[in-house]
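Undergrad: All residue numbers for the sequence shown refer to our numbering, where the first residue is 358 and numbers rise by one.
Heads up, the beta-carbon is just placed ideally off N, CA and C, and yes, glycines get one too.
Every value quoted in this text rests on a predicted model; they were computed, and no experiment measured them.
Could you have a look at this structure, given as structure tokens, before my questions?
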Amino acid sequence: TTSASKYPFYVELESSENLLMGQHVYIEPDLGQGAQKEGIWLPSAYLMMEEEKAFVYAANTWGKIEKRSVELGEYDETADSYEILKGVDLEDRIAFPEDFIKAGMGVTDAPSYGGEDNLPDNTLPGEDGMLPDGGEDGIMPRSDAALEE
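Below you can see the structure in the form of structure tokens.
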């Protein structure tokens, strides 16, 4: 079961420019989510833990998935992310640890999520926002052939 409480509160705006009387607005607390952190931070969902050691699946120089040990630093509870001290750098490509991902698999880079605006200049979506290979909105479909590599 869930419970909720209701508390009245007041908000002071830095500027009311472009707001109309009676207009609805959405507010969210500033929990530091917009702050730029130094170092490399990775969402905890990308980490695997075995015997108190942290690992990620990363692409190696031969275009294959490898299970790579990483050293963790601080934990940000608000963002549910860890600082990575050793093991990966900003140029590394990290795979989400799905059940079907295994070390030694070939790597295929999918375009960034977000549709046409994030596609490389030489890639055009097909009709109805579909990519020529069947992916939708920049998401590459999973190929069972990739699992056999």
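So residue 421 and residue 463 are in contact, right, with Cβ under 8 Å, and what is the actual spacing, rounded?
TA: Going by Cβ atoms, the distance from residue 421 to residue 463 rounds to 6 Å, so yes, they are a contact pair.
Undergrad: Apply the 10 Å Cβ neighbour rule to residue 438 and answer buried if 16 or more other Cβ atoms are within range, or exposed otherwise.
TA: Classification for residue 438: buried.
Undergrad: What's the C-alpha gap between residue 410 and residue 428?
TA: For residue 410 and residue 428, the distance between alpha carbons rounds to 8 Å.
Undergrad: From residue 452 to residue 412, what distance separates their C-alpha atoms?
TA: Approximately 11 Å between the Cα atoms of the pair.
Undergrad: Am I right that residue 440 and residue 379 are in contact with their C-beta atoms under 8 Å? What's the rounded C-beta distance?
TA: About 45 Å; that fails the 8 Å criterion.
Undergrad: Which residue marks the beginning of the beta strand (DSSP E) containing residue 410, and which one marks its end?
TA: Per DSSP, residue 410 belongs to the beta strand (DSSP E) from 410-416.
Undergrad: Would residue 415 and residue 449 qualify as a contact pair, given that the criterion is a beta-carbon distance under 8 Å?
TA: In contact: residue 415 and residue 449 (Cβ atoms closer than 8 Å).
Undergrad: Measure the C-alpha to C-alpha separation of residue 459 and residue 406 and round it to an integer number of angstroms.
TA: For residue 459 and residue 406, the distance between alpha carbons rounds to 15 Å.
Undergrad: Which same chain residues end up closer than 7 Å to residue 367 when comparing Cβ atoms and leaving out the 5 residues on each side of it in sequence?
TA: Taken in chain order, the list of residues that qualify is empty.
Undergrad: For the beta strand (DSSP E) that residue 426 lies in, which residues bound it at each end?
TA: It spans 422-433 - the beta strand (DSSP E) in which residue 426 sits, taken as one unbroken run.
Undergrad: With a 10 Å radius around its C-beta and 16 neighbouring C-beta atoms as the bar for buried, classify residue 403 as buried or exposed.
TA: Classification for residue 403: buried.
Undergrad: Take the Cβ of residue 445 as the centre, count every other Cβ of all protein chains shown within 10 Å, and call the residue buried at 16 or more, exposed below.
TA: Residue 445 should be labelled buried.
Undergrad: Could you have a look at residue 507 and say whether DSSP puts it in helix, strand or coil?
TA: For the chain, the structure presents residues 358 to 506; residue 507 sits outside this window and is missing.
Undergrad: I need the straight-line Cα distance from residue 372 to residue 436, nearest angstrom please.
TA: Roughly 28 Å separates the two Cα atoms.
Undergrad: If we call anything under 8 Å between Cβ atoms a contact, is residue 430 one with residue 442?
TA: Cβ atoms of residue 430 and residue 442: closer than 8 Å.
Undergrad: Please go through the same chain and pick out, in chain order, the residues whose beta-carbon is closer than 7 Å to the beta-carbon of residue 377, but skip the five residues on each side of it.
TA: Answer for residue 377: no residue qualifies.
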